[in-house]
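In UniProt numbering, the protein residues as written are 1 to 118.
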């Protein structure tokens, strides 16, 4: 079986996995602990079971399976807001990325007045 040739990157360039890992480590440890908790995993799973379709795609007339629970109003570590299910919405990964990038100023977007989401 032939071997895949090595991937050569310019010095200092990291792959997506390394960048994602670094981004995760920059997050506040208290917030990281909330998302890592078994309680969140169960609540997230139950919410997605009850709301299986992406809310943003539905608004645009598309049917897409949701795989992310988004905090409509970012919680910023506030545990009351974090656990308030009335502030959650189901999103697919592309819609969640677009929403978060628009709020955080990612992908060259201007930072909006709202705070960032999870």
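Ideal Cβ positions, reconstructed from N, Cα and C, are used throughout, including at glycine.
The structure displayed is predicted, hence computed values, not measured ones.
DSSP, reduced to helix, strand and coil, places residue 51 outside both helices and strands of the structure shown, so it counts as coil. Around residue 1, the same chain offers no residue with a beta carbon nearer than 7 Å, after the five sequence neighbours per side are excluded. A Cβ-Cβ separation of about 20 Å leaves residue 88 out of contact with residue 63 under the 8 Å criterion. When DSSP states are grouped into helix, strand and coil, residue 79 belongs to the helix group.
Per DSSP, the beta bridge partners of residue 69 are 90.
Per DSSP, the continuous alpha helix (DSSP H) segment holding residue 29 begins and ends at 29-36.
Ranked by Cα distance from residue 53, the options 18, 5, 95, 100 are led by 95. Look at residue 8 here: in three-state DSSP terms it is coil, with no helix or strand label.
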